[in-house]
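What follows is one structure encoded as structure tokens, with my remarks underneath.
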Amino acid sequence: AADAEPARPVPPIRPARTSRSVRPPARAGGSAPSPASTDNPVRRIQPQPPAPPAAPAGALDDETDRPIGIRKVRRAPRPVVTPPGDKFAGPARRRRRSAGGRLIGVLALALLAVIVISALMLFQPFGSAEGARVQVTIPPGSGARAIGDRLAEAGVVNSGLFFSLRATLSGKRESLRSGRHTLRKDMTYGSAIAALSKKEEVAAKPPTIKVTIPEGRSRREIAPIARRAGLKGGYLAASRRFRGKLRPSRYGAPRGTRSLEGFLFPATYELRPGAPARDLVERQLAAFRENFAGVDLARARRKNLSAYEVLIIASMVEREAQRAKERPLIAAVIYNRLKDGMPLGIDATSRYVLDKPSGALTKSELEIDSPYNTRKRAGLPPTPIGNPGLSSIRAAAAPANVKFRYFVVKPGTCGQHAFSETDEQFQRDSARYNAARDAAGGKSPTTC
């Protein structure tokens with residue numbers, strides 16, 4: 001239209017700036033370096049051509065359907081600049097990083113799988129304790145790993161290592177008990193640990209009675225002790241023969257020996273109230289075997305004495321000795337008299353056959369015709385006259401190395417004896433004793 005304003009000229013578009021400056025032209029006289037020879041090549045941006053003449057106002061472009069004179073300016077893409085010395089730029093480096101990431105992911109998954117499997121094996125949430133029963137013995141002082149290995153061998157758990165780890169995690173390594181346990185096969189670690197660490201219920205101790213048998217007492221003297229203790233049955237019958245527990249003939253007793261005299265070890269025994277007398281006899285025989293096994297019989301055997309004869313000597317020593325240090329001396333007197341073929345002259349043997357453990361013996365009693373009357377018969381009596389303790393047995397097996405053949409009680413003492421080698425000295429010691437007894441009105445001149 002005639003009234004339209006003339007179009008304003010469009011200013012020329014200036015070249016887009018780059019992130020790096022363009023190398024200046026070469027100096028006069030020199031040649032411009034080629035792009036390939038530069039360390040940091042940058043694409044040269046060409047100047048834009050001058051804008052075409054302005055179109056009338058309101059005119060539209062045929063291709064873009066936009067008003068002529070309004071053009072969208074497109075900036076040149078920013079060039080990718082590679083840092084100097086980087087040999088792995090671009091797609092190759094991205095591929096390398098991608099492969100490394102995948103490897104780390106695979107390793108992480110594998111580690112997670114190991115952790116999950118180990119946790120399942122260690123804690124066994126789906127385990128069962130319905131296997132067959134099995135007896136397992138844990139030695140004292142066994143550690144958690146040793147216990148686990150023993151359980152694994154018995155089929156109680158799958159792994160000794162995992163058992164040890166589970167015991168450590170649960171804080172029960174030190175609570176695992178030794179001894180004999182009844183467990184089940186294929187138990188979980190937790191249930192096996194619980195079974196081994198469970199405190200044993202201590203049953204209430206049943207009431208007991210104590211029966212004390214003094215040293216040297218005979219069967220006839222022990223019988224009333226057993227009766228007063230409330231034991232059932234007769235002690236004499238129970239101690240006459242006890243088949244299967246002890247055979248006197250194995251100790252050198254003559255065949256047909258019908259008494260256990262000498263084998264009924266004196267001690268204090270705990271028994272059930274109202275227990276049979278047979279239980280006491282059994283306990284005495286067991287104690288005898290245990291104690292007699294430690295006695296050295298070498299010296300007695302050199303004297304051609306059997307174990308049974310040692311018991312006979314020990315029973316006489318037990319009756320005569322009232323002081324411990326005199327036991328080997330009295331045993332030596334018996335050995336020396338046996339060697340010389342002299343009668344032993346021990347009145348305790350006559351008291352045994354007369355069943356008169358105390359009180360004065362009459363003249364007729366001293367002359368009783370019996371193999372137990374050692375005043376009239378040489379040698380040992382046929383059986384022990386009581387049940388000696390361990391000290392007297394040891395003294396009888398190893399007497400003192402002395403030449404004494406006589407002994408008599410010293411007046412004014414408590415059971416001390418005067419020992420002598422000759423009959424003359426013995427007669428003087430005996431006269432001193434008799435005088436002291438007469439002065440005491442016929443009573444014992446001892447202080448006991």
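Letter 257 of the sequence shown, counting from 1, is numbered 257 in full-length UniProt numbering, and no numbers are missing. Built from N, CA and C at the ideal position, the CB exists for glycine as well. These figures come from a predicted structure and were not determined experimentally.
For residue j and residue i, the rounded distance between their alpha carbons
{"i": "residue 453", "j": "N373", "result": "The structure shown does not extend to residue 453, since the chain is modelled only from 1 through 448, so no value can be given for it."}
{"i": "M187", "j": "V156", "result": "6 Å"}
{"i": "I138", "j": "F288", "result": "33 Å"}
{"i": "A152", "j": "S159", "result": "6 Å"}
{"i": "A332", "j": "L176", "result": "57 Å"}
{"i": "V42", "j": "L111", "result": "Per-residue confidence for V42 stands at a pLDDT of 48, beneath the threshold of 50, marking its modelled position as unreliable; no derived number is given."}
{"i": "Y406", "j": "R375", "result": "13 Å"}
{"i": "C414", "j": "Q322", "result": "8 Å"}
{"i": "A253", "j": "S259", "result": "10 Å"}
{"i": "E365", "j": "R240", "result": "26 Å"}
{"i": "residue 489", "j": "S191", "result": "For residue 489 there is no data in the structure shown, the boundaries of the chain being 1 and 448."}
{"i": "K172", "j": "S164", "result": "10 Å"}
{"i": "P35", "j": "G101", "result": "A caution first: P35 carries a pLDDT of 45, below 50, which makes its placement in the model unreliable, though a value can still be read off. Using only the alpha carbons, I get a separation of about 38 Å."}
{"i": "Q135", "j": "A154", "result": "8 Å"}
{"i": "G105", "j": "A99", "result": "10 Å"}
{"i": "D429", "j": "R351", "result": "23 Å"}
{"i": "E318", "j": "K210", "result": "23 Å"}
{"i": "residue 452", "j": "I225", "result": "Because the chain spans 1 through 448 in this model, residue 452 falls outside it and cannot be assessed."}
{"i": "D438", "j": "T447", "result": "15 Å"}
{"i": "S391", "j": "E326", "result": "11 Å"}
{"i": "G341", "j": "G379", "result": "7 Å"}
{"i": "L196", "j": "T349", "result": "60 Å"}
{"i": "E424", "j": "S218", "result": "35 Å"}
{"i": "R180", "j": "R145", "result": "17 Å"}
{"i": "V310", "j": "E421", "result": "23 Å"}
{"i": "P140", "j": "K339", "result": "54 Å"}
{"i": "L122", "j": "T182", "result": "The pLDDT assigned to L122 is 48, lower than 50, so where the model puts this residue is not dependable; a value taken from the coordinates is nonetheless given after this. L122 and T182: Cα-Cα distance of roughly 22 Å."}
{"i": "G234", "j": "T362", "result": "32 Å"}
{"i": "D149", "j": "F263", "result": "48 Å"}
{"i": "A436", "j": "F419", "result": "18 Å"}
{"i": "T38", "j": "A108", "result": "With a pLDDT of 45 at T38, under the threshold of 50, the predicted position of this residue should be treated as unreliable, and no value is reported."}
{"i": "Y189", "j": "Y269", "result": "45 Å"}
{"i": "E367", "j": "R227", "result": "33 Å"}
{"i": "A223", "j": "L280", "result": "11 Å"}
{"i": "P357", "j": "F426", "result": "25 Å"}
{"i": "G256", "j": "S249", "result": "8 Å"}
{"i": "R247", "j": "F292", "result": "14 Å"}
{"i": "P445", "j": "R432", "result": "10 Å"}
Those residues which DSSP pairs with residue i across a bridge
{"i": "Q135", "result": "T182"}
{"i": "P271", "result": "Per the sequence shown, the amino acid found at residue 271 is Leu instead of Pro. For L271, which the question treats as bridged, DSSP gives the partners I209."}
{"i": "R232", "result": "It is Lys, not Arg, that sits at residue 232 in the sequence shown. P276."}
{"i": "P343", "result": "A378"}
First through last residue of the beta strand (DSSP E) which encompasses residue i
{"i": "Y406", "result": "Y406 to V409"}
{"i": "A418", "result": "H417 to S420"}
Cβ-Cβ separation, residue j to residue i (assumed contact under 8 Å), whole Å
{"i": "G389", "j": "E215", "result": "4 Å"}
{"i": "N387", "j": "P266", "result": "6 Å"}
{"i": "P399", "j": "P328", "result": "5 Å"}
{"i": "I313", "j": "I334", "result": "5 Å"}
{"i": "T208", "j": "R272", "result": "6 Å"}
{"i": "I193", "j": "S178", "result": "With a Cβ gap of about 14 Å, I193 and S178 do not count as contacting."}
{"i": "A307", "j": "L297", "result": "6 Å"}
{"i": "K403", "j": "N336", "result": "6 Å"}
{"i": "K232", "j": "P276", "result": "5 Å"}
{"i": "A167", "j": "R299", "result": "Contact flag wrong, Cβ pair sits at about 57 Å."}
Terminal residues of the alpha helix (DSSP H) in which residue i lies
{"i": "F263", "result": "Looking at the DSSP string, F263 is not in any alpha helix (DSSP H), and its letter there is neither H nor E."}
{"i": "S164", "result": "G160 to L169"}
{"i": "A287", "result": "A277 to F292"}
{"i": "T349", "result": "D347 to L354"}
{"i": "P328", "result": "R327 to D340"}
{"i": "V310", "result": "A307 to E320"}
{"i": "E424", "result": "D423 to A439"}
{"i": "residue 451", "result": "Since the first residue of the chain shown is 1 and the last is 448, residue 451 is not available in this structure."}
{"i": "E367", "result": "No alpha helix (DSSP H) contains E367, which DSSP labels as neither H nor E."}
{"i": "G148", "result": "A144 to E153"}
{"i": "L390", "result": "L390 to A397"}
{"i": "S197", "result": "Y189 to S197"}
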